[in-house]
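Colleague:
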Amino acid sequence: MILGYNTNGLAHHRLDDGLRLLADEGFGAVALTPDVAHLDPYRSTAAEVERIAALLARLDMTCVVEAGARYLLDSQRKHWPTLLEDGAADREVRVDFLRRCIRLAEQLGSDVVSFWAGRRPPGCDPAAADERLDRSISALLAEAGERGVVLALEPEPGMYVETVAEGLEVLRRLGDGQELTLTVDIGHLYVTGEGDPGEVLPRAAGRISQVHVEDMCRGVHEHLPPGEGDVEFPAVWRALEAAAYAGPVCFELSRSSHAAPEMLCLAKQIFHAR
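Residue numbers 8 to 281, in our numbering, belong to the letters of the sequence shown in order.
1. Considering only residues of the same chain and omitting the five flanking positions on each side of E186, which have a CB-CB separation below 8 Å?
2. So within the stretch 37-123, which uninterrupted alpha helix (DSSP H) runs reach at least 4 residues, ignoring any that extend past its ends?
3. Does the beta-carbon distance from G11 to L17 come in below 8 Å?
4. Let's test the definition: count the other Cβ atoms within 10 Å of the Cβ of C272 and tell me whether it reaches 16, buried, or not, exposed.
5. When we look at the beta-carbon of Y49 and count the other beta-carbons within 10 Å, is it buried (16 or more) or exposed?
6. Measuring straight from C-alpha to C-alpha, what distance separates A246 and S264?
7. Could you have a look at D24 and say whether DSSP puts it in helix, strand or coil?
8. For I277, which of S261, P241, I109, Q114 has the nearest alpha-carbon?
9. Would you list the residues sitting across from C257 in a DSSP beta bridge?
10. Apart from the five residues just before and just after I193, which ones in its own chain have a Cβ nearer than 7 Å to its Cβ?
11. Among the candidates V37, L66, R127, whose CA atom is the shortest distance from the CA of G165?
12. Per DSSP, F190 forms a beta bridge with which residues?
13. Using the rule of at least 16 other Cβ atoms within 10 Å of the residue's Cβ for burial, across every protein chain shown, is V120 buried or exposed?
14. Go ahead and pull the three-state DSSP assignment for A159.
As structure tokens, this is what we get:
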């Protein structure tokens with residue numbers, strides 16, 4: 008496993024400074040969230056992208072592109088629009104953003120783009136939601152395949168696909184190929200009550216491209232520093248090892264950017280205690 012960190016927890020750092028900080032602290036991976044201050048896909052220049060790509064290469068840092076920016080597409084509505092909106096034009100806004108993330112991943116030397124489905128709109132029945140989601144993902148898979156990028160669907164509490172079981176069902180519907188995988192956030196298992204990591208992760212063995220980790224209280228979707236919730240980290244590490252997972256394990260402490268240096272030290276301590 009590779010110790011990593013999500014840049015949404017480095018919101019007060021310039022991206023290059025944040026990457027160097029991660030490298031100095033011994034992190035080998037980064038979950039890079041393109042956002043208003045970090046490689047905005049709508050405003051970043053080719054030179055900026057090339058500079059970050061070169062820095063990642065010099066630091067020998069594995070990079071996953073995370074498509075979870077909160078207000079990048081709409082300044083008033085968090086995570087809007089999604090792949091499930093009623094309007095085709097609205098869904099296309101999200102698809103276009105994910106295409107940009109795929110192209111950015113290729114430019115950065117990243118082979119994974121992580122994304123989520125979104126909430127099911129009121130009045131949209133499950134069959135319609137499945138059709139919208141499958142059509143959008145299928146279109147994205149075509150471009151991702153051309154660029155050597157794997158897509159990783161992240162089950163997200165409160166969204167249409169919120170459990171690992173539901174994520175695996177999407178993978179099955181779309182052919183169960185290696186080009187579509189999962190991102191599993193360990194804390195989300197505690198929020199949804201799907202099961203402990205030792206129960207859930209083996210079901211997805213071989214289908215996980217990235218793992219997020221943080222502390223969380225059962226039933227509450229709030230990313231907490233390790234030690235402030237109910238996550239039993241030794242059990243998490245054992246479950247990941249049992250599932251033969253060897254990829255990035257990225258701490259996602261998006262509410263702790265104000266204390267990022269301290270959070271990096273804590274994350275490193277928890278990871279290496281395994």
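Virtual Cβ for every residue (Gly too), placed ideally from N, Cα, C.
Modeller: This is what the structure holds:
1. L148, A151, G152, V157, L158
2. 53-66, 95-115
3. no
4. exposed
5. exposed
6. 28 Å
7. helix
8. P241
9. G11, H219
10. P204, V218, H219, V220, V238, V243
11. R127
12. According to the sequence as given, residue 190 is Thr; it is not Phe. Answer is Q217.
13. buried
14. strand
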